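Top line first, the protein sequences correspond to chains A and B. Counting in our numbering, the first sequence runs from 1 upward without gaps. Counting in our numbering, the second sequence runs from 1001 upward without gaps. Ideal placement from N, C-alpha and C gives every residue a C-beta, glycine not left out. Small disclaimer: the values here were computed from a predicted structure and weren't measured.
2 protein chains.
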Amino acid sequence: MTELEGYIHHSFGIPHNEVDEIIRFFQPLKLRKGDYYLKAGHRSDRLGFVQSGILREFLDADNKEITKWISTKGYFAVDLHSFLFEQPARWHIQALTDCELWVISGHDYKRIQQVIPEWQRLETLFIGKCFAALEDRIVSHLALSAEERFQLLHSQRPELFNLVPLHYIASMLGITPETLSRLRRKQVS
Amino acid sequence: MTELEGYIHHSFGIPHNEVDEIIRFFQPLKLRKGDYYLKAGHRSDRLGFVQSGILREFLDADNKEITKWISTKGYFAVDLHSFLFEQPARWHIQALTDCELWVISGHDYKRIQQVIPEWQRLETLFIGKCFAALEDRIVSHLALSAEERFQLLHSQRPELFNLVPLHYIASMLGITPETLSRLRRKQVS
DNA sequence: GCGCGGTCTTGATAAAAATCAAGAAATCAA
DNA sequence: TTGATTTCTTGATTTTTATCAAGACCGCGC
């Protein structure tokens, strides 16, 4: 069973036979380390699900890069705003390692809705889940210090700190690489 | 035409006759200043749309209140996670002034889907729009200083600063009331 | 192996923001 | 109206975080 099947089955309690039907709309895609899955400003018409590897979502602000999110196995790779509203992408998505994705085109995405009644509900729940996760993240910025946000991320995704350059993680936390370095040292001792 | 009709019509380009059908599922609700529309920990099974008045979404963290959002005319009043996943609410929603809402129950919400085919797409676009707005807000915390976030909010919702206690706005920006006060003085001079 | 670019750490310093404390101003209720 | 409460501002100080600068480390290609 692929990550994608597991995700749909477990997250939403969709039975295996329906999951199979949904899965068929997705195509496998391999990326090499450094490849761009998406470039800001371009129209994107596909939604990807990460089977393996690591991707970084980032944007250029002023003269610095802001890493908005790092996606690993089980996350989606998409600029949802671009995908849903057929607008140019607002950020880049680049492979930090070789990656395997499951990808669906906007066209096929619309076809799912006709073939699988369950999909409508699934779609709402999927976005709703992402929405709630973002709400939590907002709250973490309103309620927590840099150190607390670091602790939280470290407890939620400990593996990340061994997999990607730390300055990307720092940016994702909204702190500088130097501060992250000091927080790490503090934590060890 | 109510705010809600205008919202649905303009945001999603739904024709007026279909808007009328959707509107019928909503019931008017009046709140008095200080009333709770939603209490954290309770099950909520309704989605509200603000016709008039001001509501504050907040939660208790440690010993302090975190104001997550302030909703005025044209915003929704709902804990989406609670509404979609039938979970206890994660925050409070309280009326800061007398309010008029348009409210739909979870039950009627599901009925819309049967009556109006267009609704499915509308729902996805609605949540997608909220999602994108939250993404922007995350980025504002990663890329901007307290002063820049203040400037941004002040340019986006200038009226807010005359309508609600400033310490709620400070909390929503992730800063202290004292800092907000100083940023305001700085801006004037 | 060697050099090189990128990464990470560390220290010194500066800037930003929080905290603590006090008082003024506004609001609200009796 | 008056007193109490909340809100807002201001100043002094501390804490947190960023910035600047330097050097160590590490992996990779030649």
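Which listed residue (the options) has its alpha carbon closest to that of residue i
| i | options | result |
| --- | --- | --- |
| Phe1058/B | Tyr1168/B, Pro1177/B, Lys1186/B | Tyr1168/B |
| Cys99/A | Leu31/A, Val115/A, Asn63/A | Leu31/A |
| Lys68/A | Met172/A, Pro177/A, Arg182/A, Pro117/A | Met172/A |
| Ile1054/B | Ile1070/B, Asp1079/B, Asp1062/B, Gln1187/B | Ile1070/B |
| Glu178/A | Pro28/A, Leu152/A, Glu147/A | Glu147/A |
| Val50/A | Arg149/A, Arg185/A, Leu101/A, Tyr37/A | Leu101/A |
| His9/A | Glu86/A, Asp79/A, Gly74/A | Gly74/A |
| Asp60/A | Cys1130/B, Ile1175/B, Leu1144/B, Gln1151/B | Leu1144/B |
| Gln120/A | Leu183/A, Glu5/A, Phe12/A | Phe12/A |
| Arg24/A | Pro117/A, Asp108/A, Ala133/A | Asp108/A |
| Thr1176/B | Leu1122/B, Val1139/B, Thr1002/B, Glu1065/B | Glu1065/B |
| Ile112/A | Val19/A, Cys130/A, Arg149/A, Arg137/A | Val19/A |
| Ser155/A | Phe85/A, Arg184/A, Ile22/A, Asp62/A | Arg184/A |
| Phe1076/B | Glu1159/B, Tyr1007/B, Gln1151/B, Ser1181/B | Tyr1007/B |
| Val1078/B | Ile1138/B, Val1103/B, Leu1096/B | Val1103/B |
| His1081/B | Leu1096/B, Gly1106/B, Ala1095/B | Gly1106/B |
| Lys33/A | Pro158/A, Asp136/A, Thr97/A | Thr97/A |
| Glu1003/B | Thr1072/B, Lys1039/B, Pro1015/B, Leu1038/B | Thr1072/B |
| Ile1022/B | Lys1110/B, Ala1133/B, Ala1132/B, Phe1150/B | Lys1110/B |
| Asp35/A | Asn63/A, Arg56/A, Leu122/A | Arg56/A |
| Arg1137/B | Glu118/A, Gln114/A, Ala170/A, Gly174/A | Gly174/A |
| Leu29/A | His16/A, Ala95/A, Ile14/A, Pro15/A | Ala95/A |
| Phe1083/B | Leu153/A, Ala132/A, Leu152/A, His141/A | Ala132/A |
| Gly48/A | Gln27/A, Asp62/A, Asn63/A, Lys39/A | Gln27/A |
| Pro1158/B | Glu1086/B, Glu1135/B, Gln1187/B | Gln1187/B |
Chain-ordered neighbours of residue i on chain A, where CB pairs are closer than 7 Å
| i | result |
| --- | --- |
| Gln1151/B | Going along chain A, no residue has its Cβ under 7 Å from Gln1151/B, so there is no contact; the nearest lies around 14 Å. |
| Arg1137/B | Ile138 |
| Ser1171/B | Leu142 |
| Gly1174/B | His141, Leu142 |
| Leu1180/B | Correct list: empty, because the minimum Cβ distance to chain A is about 13 Å. |
Interface residues of chain B facing residue i [CB-CB closer than 8 Å]
| i | result |
| --- | --- |
| Ile104/A | Here the premise fails: no neighbours, minimum Cβ distance about 15 Å. |
| Ala77/A | Those within 8 Å of Ala77/A in chain B number zero; the least Cβ separation is about 14 Å. |
| Ile127/A | Thr1124, Ile1127, Gly1128, Phe1131 |
Delimiting residues of the beta strand (DSSP E) encompassing residue i
| i | result |
| --- | --- |
| Gly106/A | No beta strand (DSSP E) contains Gly106/A, which is instead part of the alpha helix (DSSP H) from 106-115. |
| Gly205/A | The first residue shown for chain A is 1 and the last is 189, placing residue 205/A beyond what the model contains. |
| Pro1028/B | 1027-1031 |
Residues that residue i contacts on chain B, provided the C-beta gap is smaller than 9 Å
| i | result |
| --- | --- |
| Gln120/A | Gln1113, Gln1120, Glu1123, Thr1124 |
| Leu101/A | Ordered by position in chain B, no residue passes the 9 Å Cβ test against Leu101/A, which lies about 20 Å from the chain. |
| Leu47/A | What Leu47/A touches in chain B: nothing, since even the nearest Cβ is about 12 Å away. |
Contact test: residue i Cβ vs the ligand COA heavy atom, cutoff 8 Å
| i | result |
| --- | --- |
| Glu3/A | The ligand content of the structure shown is nil, which means the ligand COA is not present either. |
Segment limits, alpha helix (DSSP H) that includes residue i
| i | result |
| --- | --- |
| Gly1006/B | 1003-1012 |
| His42/A | Unbroken run through His42/A: none, as it is neither H nor E. |
| Asp1020/B | 1016-1023 |
Contact set between residue i and chain B, taken where Cβ atoms lie within less than 7 Å
| i | result |
| --- | --- |
| His10/A | Neighbours of His10/A on chain B: none; closest Cβ ~14 Å, over 7 Å. |
| Ala61/A | Ala1143 |
| Leu80/A | Gly1128, Phe1131, Ala1132 |
| Leu29/A | Result: empty, since nearest Cβ-Cβ is about 23 Å, beyond 7 Å. |
Interface partners of residue i on chain A, CB under 9 Å
| i | result |
| --- | --- |
| Ile1066/B | Val139, Leu142, Ala143 |
| Ile1116/B | Here the premise fails: no neighbours, minimum Cβ distance about 13 Å. |
| Leu1183/B | The contacting residues do not exist; Leu1183/B stays about 16 Å from chain A at best. |
Within chain A, the residues that residue i reaches when beta carbons sit closer than 8 Å
| i | result |
| --- | --- |
| Leu1038/B | Within 8 Å Cβ-Cβ: nothing; Leu1038/B doesn't reach chain A, min ~14 Å. |
Problem set entry | Minimum length 3: unbroken beta strand (DSSP E) runs contained in the region 1061-1101 of chain B | 1064-1071, 1092-1095
Problem set entry | Touching by the beta-carbon criterion (3+ pairs, under 8 Å), the region 1041-1053 of chain B and the region 1125-1133 of chain B | no
Exercise. Does the region 1155-1166 of chain B touch the region 89-107 of chain A, meaning 3 or more C-beta pairs lie closer than 8 Å?
Worked result: no
Exercise. Going along the chain, which unbroken runs of the beta strand (DSSP E) with 3 or more residues stay wholly within the region 140-178 of chain A?
Worked result: none
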